[in-house]
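Numbering-wise, the sequence shown is residues 50 to 482 according to our numbering. Worksheet for the structure shown next.
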Amino acid sequence: MKTIVPIIIAALFLTSAEGADAIAPVSGAQNQDGHLDGIGTAARFSDPTGLARDAQGNLFVCDARNHVIRKIAPGGIVTTIAGLAGTAGAANGTGVNARFHFPSDITVAPDGSLYVADTGNHCIRKITSAGAVTTVAGALGSADDIDASYSAITTVPTSLDGKGSAARFESPGGIAYHSSGFLYVSDTGHQLIRRVNLDGTTTTLAGKVNEWGSADGTGANATFSSPTGLCVGNDGNLYIADSMNHTIRMMTPQAVVSTYAGHPDEAASKPGPRLLARFCEPSDITPHPQGGFIICDSFANAVYRLRADGHVSLFAGQANAAPSDAPMALAGPVSAVCDPYGNVHVSDTFHQEIRLVIERFGSTMRKSPSSNQLTITWDSIIGRSYQLQILQNQTWVNTSHAPVLASQAQSSLSFPMPSSHQCGIYRIALLGF
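And the structure:
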């Protein structure tokens, strides 16, 4: 399990220090919903959900209840790239002229284009690097099969497949880009897994329309129950958070579906071997660079690590605990994405924050045998800045040393050994993000 603490390395002067695994506040402020662009905790979100990360380290966020798509640059700068905050709608256009309706998941293509599961509009959208939004598949703004008052029922087409606006979705909840140049989509309301080519051609791969179940099988012989987040594993198979079945399902390229982890008849939060582990409405799954996956178990307020050897362990949060504002707590973590070093960004949805779980955050301190220099070395995140601080009168104070901008996975800082009256507790603090 990753310990959730303020993101610091604490070191007692002239002793070696063990760094703590940590969760950092990244963007947004706990329990402060709204819409505000800015840096780090000055930004505001309203139920952030789907996350994606590009090769440059930018994060993209579906800010669901604001009906917009946000970008978090590596320095922690949050901007709104498409949609008008607080205004739901169904319109193509550039930047603030586009409209979304509860977008829930997002993925990045190699050319930088973003693809969005626009859940409330029942379609798949594309955002170019210039912020131009178009509809790839589905009828933009098409009605639910049953409206909120249950007074009107629309006709579901005999075939949901087709090209562009001829295709139909029902509250698509998950989307993933495949390296061969197409999209996988969880058609959550229809209980289907779909393939969407980039020209909008949509085909159904697995599941039965509007039929809930947990059957393994090939194509239409398999059934799902509210499939949501999904990802392509390193083995080329698709992995699906089958939410209301409390399981992770695996689908081969030939559409053979099997239960990979958890059990549909038991909702719980329990680590262990993958088929003996238990989940409670998992909402997302993402590959881990060291093999295996990170799983968001949103209803249990926990994030799990499913390792390459098949063992499931608690990674962050307090499984089975009610949402709280404690430093170790998560509140409805809906989506996650890893960086190349195993650090994990999480949409802490009901805390209104994007948070970062640090995989490695160890540190060492040594004194040079030939000089009066001390050197602190720590695991770092490339592109982030770190500040040496000292504890004075129960307050952390910046030292006179300039922040260190990490250019490698490990950073270091050397400084003259302080005089005896300056002995105390030092730490390296991650700044801004």
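All residues carry an ideal CB built from backbone N, CA and C; glycine is no exception.
Under 8 Å between C-beta atoms of residue i and residue j
i       : j       : result
Leu-232 : Tyr-164 : yes
Ile-344 : Pro-336 : no
Pro-372 : Ala-380 : yes
Gly-190 : Ser-178 : no
Asn-515 : Ser-274 : Because the chain spans 50 through 482 in this model, residue 515 falls outside it and cannot be assessed.
Gly-268 : Asp-333 : no
Val-127 : Leu-405 : no
His-394 : Arg-93  : no
Alpha-carbon to alpha-carbon, residue j and residue i
i       : j       : result
Ser-384 : Ser-396 : 5 Å
Ser-460 : Gly-138 : 47 Å
Asn-270 : Gly-256 : 7 Å
Asn-80  : Phe-399 : 7 Å
Ala-368 : Tyr-288 : 22 Å
Gly-282 : Trp-427 : 31 Å
Asn-146 : Asp-167 : 16 Å
Pro-159 : Ser-263 : 34 Å
Tyr-475 : Leu-454 : 18 Å
Leu-437 : Pro-465 : 13 Å
Ala-216 : Thr-143 : 23 Å
Lys-212 : Leu-254 : 15 Å
Helix, strand or coil at residue i [DSSP, three-state]
i       : result
Phe-149 : coil
Asn-170 : helix
His-499 : The chain is shown only over 50 to 482; residue 499 falls outside these bounds and no answer can be derived.
Thr-90  : helix
Arg-114 : helix
Asn-36  : The structure shown does not extend to residue 36, since the chain is modelled only from 50 through 482, so no value can be given for it.
Ala-181 : strand
Ala-317 : coil
Ser-461 : strand
Ser-396 : strand
Met-414 : strand
Met-466 : coil
Gly-142 : strand
Ala-188 : coil
Gly-213 : helix
Ser-449 : coil
Exposure of residue i, with buried meaning 16 or more beta-carbon neighbours within 10 Å
i       : result
Gln-401 : buried
Lys-175 : buried
Pro-338 : exposed
Pro-221 : buried
His-450 : exposed
Ser-456 : exposed
Gly-230 : exposed
Boundaries (first-last residue) of the beta strand (DSSP E) holding residue i
i       : result
Leu-437 : 434 to 441
Glu-402 : 402 to 407
Met-299 : 296 to 300
Pro-97  : 97 to 102
Asn-107 : Segment: none, Asn-107 is in no beta strand (DSSP E) and carries neither H nor E.
His-360 : 360 to 366
Pro-382 : 382 to 387
Pro-276 : 276 to 281
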